[in-house]
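Asker: Mind having a look at this structure? Questions to follow.
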Amino acid sequence: MRPTRDFARRATLSRSVRLLSAFRYEQSDPARFYGALADDTVDMVGELWTGLHATTPAGRTALDVGGGPGYFASAFTAAGMHYIGVEPDPTEMHAGPAGEPGGGSFVRASGTALPFADDSVDICLSSNVAEHVRNPWLLGNEMLRVTRPGGLAVLSYTVWLGPFGGHEMGLTHYLGGARAADRYARKHGHRPKNDYGSSLFAVSAADGLRWAASTGALVAAFPRYHPRWAWWMTAAPGLREFAVSNLVLVLQP
1 MRPTRDFARR ATLSRSVRLL SAFRYEQSDP ARFYGALADD TVDMVGELWT GLHATTPAGR
61 TALDVGGGPG YFASAFTAAG MHYIGVEPDP TEMHAGPAGE PGGGSFVRAS GTALPFADDS
121 VDICLSSNVA EHVRNPWLLG NEMLRVTRPG GLAVLSYTVW LGPFGGHEMG LTHYLGGARA
181 ADRYARKHGH RPKNDYGSSL FAVSAADGLR WAASTGALVA AFPRYHPRWA WWMTAAPGLR
241 EFAVSNLVLV LQP
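Numbering follows full-length UniProt numbering, in which position 114 of the sequence shown is assigned residue number 114; successive positions increment by one, without gaps.
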């Protein structure tokens, strides 16, 4: 059974427009933005699981590496999964609408040294974290280590040369990461939260695909926010670095 079959049906242009429209509210109305992203992520993970196993993931243990505030916890818990969030920054854990994680449980730890036994979770997810890690493929290897054989690992990250690669620095990242960060600091009087070289790194689509292929566990790769008819861009070297924006790597240990 193709793992992306069910999700591909929902990967429509209207979904893409709806999600991209929500990005404008990340700062002004985070509940609106992160709530929509969390719901869509749960749907994606659930449909990928169903594509691999022909069953729903209800009752399964889902480990979210870099889970952040409680929006994802609430969404995964509502879908019937046992949610565990891993977050190195305690302030991120309590940045949800009520100031507390929204269901599930949280562990303060680094994604590159997960404090979990081998083969201990059914699903391991990392959403928009790899570009903030100096060694993203160490994080990916840890995700595969803790995922049970036959389970599901989903690593989704923002591609550096895509339009959102600079995060709050906007399109100035095309001038170079360090230059863009310095320009942001001069304009705003403080360093960006996603500061190039310390909390933001240039991760390419080619790097992720190369790592995933080397694991022998890759079962699918596609642009997260694109409609199904645009997924071919993932297979186009050069173009994918600018057009994919956010790459999803689906792996089954």
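By construction, the Cβ of each residue, glycine as well, lies at the ideal position given by its N, Cα and C atoms.
Around the C-beta of residue 17, are 16 or more other C-beta atoms found within 10 angstroms, so that it is buried, or is it exposed?
Answerer: Reading the sequence shown from its first residue, position 17 is the one you call residue 17. Burial call: exposed.
Asker: Looking at the secondary structure, which residues open and close the alpha helix (DSSP H) in which residue 214 lies?
Answerer: Locating residue 214 in the sequence shown gives position 214, where the first residue counts as 1. From DSSP, the alpha helix (DSSP H) with residue 214 extends over 205 to 215.
Asker: If I follow the unbroken alpha helix (DSSP H) through residue 157, where does it start and stop?
Answerer: As a first step, residue 157 is located in the sequence shown; it is residue number 157 there, counting from the start. Following the DSSP letters along the chain, one finds residue 157 in no alpha helix (DSSP H) but inside the beta strand (DSSP E) bounded by residues 147 to 158.
Asker: How big is the Cα-Cα spacing for residue 228 and residue 5?
Answerer: Locating residue 228 in the sequence shown gives position 228, where the first residue counts as 1. Locating residue 5 in the sequence shown gives position 5, where the first residue counts as 1. Taking the straight line joining both Cα atoms gives about 10 Å.
Asker: Going by other Cβ atoms of all chains shown within 10 Å of its Cβ, with 16 needed for buried, is residue 195 buried or exposed?
Answerer: Position 195 of the sequence shown, counting from 1, holds the residue named residue 195. Its Cβ being crowded by 16 or more others within 10 Å, residue 195 is buried.
Asker: Specify, as a first and last residue, the run of the alpha helix (DSSP H) that residue 74 falls within.
Answerer: For the purposes of this step, residue 74 is identified with residue 74 of the sequence shown, where counting begins at 1. Element bounds for residue 74: 71 to 78.
Asker: Which whole-angstrom value describes the C-beta separation of residue 241 and residue 133, a residue pair presumed to lie in contact below a C-beta threshold of 8 Å?
Answerer: Working through the sequence shown from its first residue, we reach residue 241 at position 241. Working through the sequence shown from its first residue, we reach residue 133 at position 133. Not really, about 19 Å apart at Cβ, beyond 8 Å.
Asker: Using the C-alpha atoms, what's the distance from residue 223 back to residue 233?
Answerer: Mapped onto the sequence shown, residue 233 falls at position 233. Mapped onto the sequence shown, residue 223 falls at position 223. Each residue's Cα considered, the two are about 8 Å apart.
Asker: Excluding sequence positions up to five away, which residues of its chain have a Cβ less than 7 Å from the Cβ of residue 3?
Answerer: Position 3 of the sequence shown, counting from 1, holds the residue named residue 3. 48, 51, 52, 219, 220 and 250.
Asker: Would you say the beta carbon of residue 34 is closer than 7 Å to some non-hydrogen atom of the ligand SAM?
Answerer: Within the structure as shown, the ligand SAM is missing, as the structure has no ligands at all.
Asker: If the criterion is Cβ atoms closer than 8 Å, does the pair residue 180 and residue 166 meet it?
Answerer: Looking up residue 180 in the sequence shown gives position 180. Looking up residue 166 in the sequence shown gives position 166. A contact, by the Cβ cut-off of 8 Å.
Asker: Hey, how far is the Cα of residue 44 from the Cα of residue 124?
Answerer: Residue 44 sits at position 44 when you count from the first residue of the sequence shown. Residue 124 sits at position 124 when you count from the first residue of the sequence shown. Using only the alpha carbons, I get a separation of about 13 Å.
Asker: State whether the stretch 71 to 78 contacts the stretch 34 to 41, with contact taken as three or more CB pairs (one from each stretch) at a distance under 8 Å.
Answerer: By the criterion of at least three beta-carbon pairs nearer than 8 Å, the stretch 71 to 78 is in contact with the stretch 34 to 41.
Asker: What are the residues that DSSP puts in a beta bridge with residue 127?
Answerer: The residue given as residue 127 occupies position 127 in the sequence shown. According to DSSP, which records beta bridges pairwise, residue 127 is partnered with 156.
Asker: Can you give me the C-alpha to C-alpha distance between residue 101 and residue 107, rounded to a whole angstrom?
Answerer: Within the sequence shown, residue 101 is the residue found at index 101, counting from 1. Within the sequence shown, residue 107 is the residue found at index 107, counting from 1. Bear in mind that the predicted position of residue 101 carries a pLDDT of just 49, short of 50, making it unreliable; the figure below should be weighed with that in mind. About 11 Å.
Asker: Quick check: the Cα distance between residue 135 and residue 252, rounded to an integer number of angstroms?
Answerer: The count along the sequence shown starts at 1 and reaches residue 135 at position 135. The count along the sequence shown starts at 1 and reaches residue 252 at position 252. Taking the CA atoms as reference points, residue 135 sits about 21 Å from residue 252.
Asker: Taking only three categories from DSSP, how would you classify residue 161?
Answerer: Counting from 1 along the sequence shown, the entry for residue 161 is found at position 161. Three-state result, residue 161: coil.
Asker: Of the choices 54, 115, 56 and 230, whose alpha-carbon is the least far from that of residue 84?
Answerer: The count along the sequence shown starts at 1 and reaches residue 84 at position 84. Here the closest residue by C-alpha is 115.
Asker: Counting along the chain, where does the alpha helix (DSSP H) carrying residue 17 start and finish?
Answerer: Numbered from 1 along the sequence shown, position 17 holds the residue referred to as residue 17. From DSSP, the alpha helix (DSSP H) with residue 17 extends over 13 to 22.
Asker: I'd like to check one pair, residue 111 with residue 142: are the Cβ atoms closer than 8 Å?
Answerer: On the sequence shown, residue 142 is found 142 positions in, with the first residue counted as 1. On the sequence shown, residue 111 is found 111 positions in, with the first residue counted as 1. In this structure, residue 111 lies closer than 8 Å to residue 142 by Cβ.
Asker: What whole-angstrom Cβ distance do residue 121 and residue 151 have, given they're in contact under 8 Å?
Answerer: Indexing the sequence shown from 1 puts residue 121 at position 121. Indexing the sequence shown from 1 puts residue 151 at position 151. Right, their Cβ atoms sit about 7 Å apart.
Asker: Excluding the 5 residues flanking residue 62 on each side, which residues of the same chain have their C-beta closer than 6 Å to its C-beta?
Answerer: As a first step, residue 62 is located in the sequence shown; it is residue number 62 there, counting from the start. Here the set comprises 76, 81, 83 and 123.
Asker: Relative to the C-alpha of residue 31, which residue among 175, 79, 59 and 68 is closest?
Answerer: Counting from one through the sequence shown, the residue named residue 31 turns up at place 31. That would be 68, whose Cα lies nearest to the Cα of residue 31.
Asker: Residues in the same chain with beta-carbon distance under 7 Å from residue 56, minus the five sequence neighbours each way, listed in chain order, please.
Answerer: Stepping through the sequence shown from its first residue, residue 56 is reached at position 56. Excluding sequence neighbours, residue 56 sits near 46 and 50.
Asker: For a quick check, are the C-beta atoms of residue 197 and residue 170 less than 8 Å apart?
Answerer: Walking along the sequence shown from the start, residue 197 turns up at place 197. Walking along the sequence shown from the start, residue 170 turns up at place 170. No.
Asker: Can you check which of these residues, 64, 86, 140 and 78, is closest to residue 210 by C-alpha distance?
Answerer: In the sequence shown, residue 210 corresponds to position 210, counting from 1. Minimum Cα distance to residue 210 is reached at 140.
Asker: So the candidates are 199, 54 and 20; which of them puts its Cα closest to the Cα of residue 89?
Answerer: To locate residue 89, count along the sequence shown from 1; it is residue 89. Here the closest residue by C-alpha is 199.
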